[in-house]
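The structure appears below as structure tokens.
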Amino acid sequence: MYKLTLSVDETVARRAKRYAEKAGTSVTELVERFLDLLVRPATSGDEDFPELRRLRGLLKGTDPDAYRKHLLNKYR
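Spelled out as structure tokens, the structure:
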């Protein structure tokens with residue numbers, strides 16, 4: 009299992025925890041499922057999730073190393 013540290017608005021984090029508790033899961037599981045859906049190759053079922061189509065479009069042409077450097081500089 010790979011450990012990932014995220015910074016999230018406190019209000020969003022609290023709401024996510026409540027949602028996860030009601031859904032009988034964890035915030036970790038919610039984030040993992042969301043990321044899995046986000047990076048999965050597009051399928052014909054994507055019409056049901058227009059949000060995922062928009063988010064996938066945001067990732068096209070990005071440089072993960074440049075973003076990693078940006079984050080390192082931002083949080084020094």
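Under this note's numbering, think of the first position of the sequence shown as 9, with each following residue one higher. Yeah, the Cβ is synthetic: ideal placement off N, Cα and C, and Gly gets one too.
Cβ shell of residue i (< 8 Å), same chain only, five flanking positions each side left out
i, result
"A28", "S34, V35, E37 and L38"
"V16", "A24"
Residue i versus residue j - alpha carbon distance
i, j, result
"N81", "A74", "11 Å"
"R26", "Y10", "24 Å"
"G69", "H78", "16 Å"
"P49", "L43", "12 Å"
"K30", "L14", "22 Å"
Host alpha helix (DSSP H) of residue i (start-end)
i, result
"L43", "V35 to V47"
"V16", "Unbroken run through V16: none, as it is neither H nor E."
Contacting residues, own chain, Cβ-Cβ under 7 Å from residue i (five flanking each side not counted)
i, result
"A85", "As displayed, the chain neither begins before 9 nor continues past 84, which places residue 85 out of reach and without an answer."
Same chain, Cβ closer than 6 Å to residue i, neighbours up to 5 away in sequence not counted
i, result
"A21", "none"
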